[in-house]
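A.B. asks: What follows is a structure written as structure tokens; I'll ask about it next.
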Amino acid sequence: MSLTRRQFGRVALLACPAVLGSNAMSTARQASGATQSSDDLAREVGITTSSFSGHLVAKPDVGQFSMLELPRVMRDELDMRVIDVNTSSLASLDAAYLDRCRDAAEKAGCVFTNLKMNQRDVNMNSPDEVIRTRAIDIYKASIGAASRLGCRWARPLPLPERPDMKIHVASYQELADYGAERNVEMLVENYGWMQGDPNSVLTLTEAIGRNVAPCPDTGNWNDNETRYEGLAKTFPTAATCDFKAKTLGPDGEHAAYDLRRCFEIGWKAGFRGPWCLEHANRERAILFRELAMLRDMLRNWMTATADM
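Here my numbering is used: the first residue of the sequence shown is 457, the next is one more, and so on.
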């Protein structure tokens, strides 16, 4: 029986997990101190699906769309191809559904890059082994889904309270090893307990030590001093980033913090992409206009600073 390219790839993934895992390891990333964002995603501007809250739904009404329609919307209405997925955006983790999502992305020329594992009822840091094991199992199922979607990264959700670091690192390492077998690298994002410490992402990434990379979020810092210092420490070894923007003025003004400064910190550190926009608005027309504005800002800045 002949196999399609997709089927062959899945057979190879099951047959050679150790080989794929070794390719996914991030030892070289950390040893070199240089950004290892994938060349095929360099200079790409994408979108996190949380930006489409209220618009991206399982059963769309007029003016809304589903995950199966999102890649076409990305291509035709937003001129972007990189999709950073939130678990809440997926209607199911069923294999057939995930395959349909991936097929839709490939048909539109889009790619799923990261799965933000944002389940709110899990705690991989719990001293209670039953609670911790349940969380690890939920995350492992999500990592499997990420692999099936073609994602190269997955990110557990940091909690508000600083965890017991011994438990936290051990849990992360277990997920990192599981992900390596599926060619999915773990990410560390500044969120929750990490937002007040500019060293938090780098310190945790180094403690985990394998198959892990930073994912800086420009918005998730407690104040601007921490923001700019944290980004400067996090961008040099980042795999991807969430380029978050809050309220925008009519011409892209952004009072909360300096978007261009955030970009320039990353660019000067050697980070080239993907830059995944995170920005929300209840009105679809306004949201799409503002996402296009942010997209064009980043593209223009990359062009202007190409020789930096």
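Glycine residues also receive a C-beta, built at the ideal position from the N, C-alpha and C atoms.
1. Going by beta-carbon coordinates alone, are N667 and E641 separated by less than 7 angstroms?
2. According to DSSP, what are the bridge partners of M580?
3. Starting from P670, trace the beta strand (DSSP E) in both directions and tell me its first and last residue.
4. Between the alpha carbons of I594 and L631, how many angstroms are there, rounded?
5. If we count the other Cβ atoms within 10 Å of its Cβ and call it buried at 16 or more, is T759 buried or exposed?
6. Which residue from L549, R537 and G726 puts its Cα closest to that of F568?
7. Along the chain, where does the alpha helix (DSSP H) that runs through W757 open and close?
8. Relative to the C-alpha of C718, which candidate in G705, N680, E585 and T703 has its C-alpha closest?
9. Sort G635, R608 and T690 by Cα distance to E645 and report the nearest one.
10. Going by beta carbon distance, what residues of the same chain come within less than 7 angstroms of I742, once the five residues before and after it are set aside?
11. Quick check on E739: buried or exposed, where buried means 16 or more other Cβ atoms within 10 Å of its Cβ?
12. Give the secondary structure of D593 by DSSP, where H, G and I count as helix, E and B as strand, and everything else as coil.
13. Going by DSSP, name the residue or residues bridged to A610.
14. How should K700 be labelled, buried or exposed, when 16 other C-beta atoms within 10 angstroms of its C-beta is the threshold for buried?
15. Decide if the stretch 547-565 is in contact with the stretch 580-595; the criterion is three or more beta carbon pairs, one per stretch, under 8 angstroms apart.
16. When you compare each of R528, S507 and D495 to S544 by their alpha carbons, which one comes out closest?
17. Helix, strand or coil: how does DSSP classify N542 here?
18. Per DSSP, what are the beta-bridge partners of F521 in this structure?
19. Per DSSP, which one or two residues make a beta bridge with E709?
20. Can you tell me whether S548 is buried or exposed, with buried defined as 16 or more other CB within 10 angstroms of its CB?
21. Under the assumption that A610 contacts L643 (Cβ atoms under 8 angstroms), give the Cβ distance between them as a whole number of angstroms.
22. At 4 residues or longer, what runs of the alpha helix (DSSP H) sit wholly inside the stretch 682-727?
23. Since D707 and C732 should fall inside the 8 angstroms C-beta cutoff, what is the C-beta to C-beta distance between them, to a whole number of angstroms?
C.D. replies: In short, the structure shows the following:
1. Your numbering for residue 667 matches position 211 in the sequence shown. Your numbering for residue 641 matches position 185 in the sequence shown. Cβ distance < 7 angstroms, so N667 and E641 count as in contact.
2. What you label residue 580 is simply residue 124 of the sequence shown in a count that begins at 1. None; M580 has no bridge partner.
3. Translated into the one-based positions of the sequence shown, residue 670 becomes position 214. Here the beta strand (DSSP E) through P670 covers V668 to P670.
4. For this step, residue 594 is matched to residue 138 along the sequence shown. For this step, residue 631 is matched to residue 175 along the sequence shown. Rounded to the nearest angstrom, the two C-alpha atoms are 11 angstroms apart.
5. The residue labelled residue 759 in the question sits at position 303 within the sequence shown. Result: exposed.
6. Reading the sequence shown from its first residue, position 112 is the one you call residue 568. Checked all of L549, R537 and G726; the closest Cα to F568 is R537.
7. Taking the sequence shown and counting its residues from 1, one reaches residue 757 at position 301. It spans R740 to A760 - the alpha helix (DSSP H) in which W757 sits, taken as one unbroken run.
8. The count along the sequence shown starts at 1 and reaches residue 718 at position 262. If we check each option's Cα against that of C718, N680 comes out closest.
9. Here residue 645 refers to the residue found at position 189 of the sequence shown. With distances taken between Cα atoms, E645 lies closest to T690.
10. What you label residue 742 is simply residue 286 of the sequence shown in a count that begins at 1. No residues qualify anywhere along the chain.
11. Here residue 739 corresponds to residue number 283 of the sequence shown, with the count starting at 1. It counts as exposed.
12. In the sequence shown, counting from the first residue as 1, residue 593 sits at position 137. DSSP places D593 in helix when its eight states are reduced to three.
13. For the purposes of this step, residue 610 is identified with residue 154 of the sequence shown, where counting begins at 1. Paired residue(s): L571 and M642.
14. What you label residue 700 is simply residue 244 of the sequence shown in a count that begins at 1. Classification for K700: buried.
15. no
16. Within the sequence shown, the letter at position 88 stands for residue 544. Nearest of R528, S507 and D495 to S544, Cα basis: S507.
17. One-based indexing of the sequence shown puts residue 542 at position 86. Here N542 sits in strand by DSSP.
18. Mapped onto the sequence shown, residue 521 falls at position 65. Beta-bridge pairing links F521 to L512.
19. Position 253 of the sequence shown, counted from the start, is the residue given in the question as residue 709. Looking at the DSSP assignment, E709 forms no beta bridge with any residue, so it has no partner.
20. Walking along the sequence shown from the start, residue 548 turns up at place 92. Burial call: exposed.
21. Residue numbering aside, residue 610 sits at position 154 when the sequence shown is read from its first letter. Residue numbering aside, residue 643 sits at position 187 when the sequence shown is read from its first letter. Sure, about 7 angstroms apart at Cβ, within 8 angstroms.
22. 715-724
23. For this step, residue 707 is matched to residue 251 along the sequence shown. For this step, residue 732 is matched to residue 276 along the sequence shown. Actually they are not in contact, since the Cβ atoms of D707 and C732 sit about 23 angstroms apart, beyond 8 angstroms.
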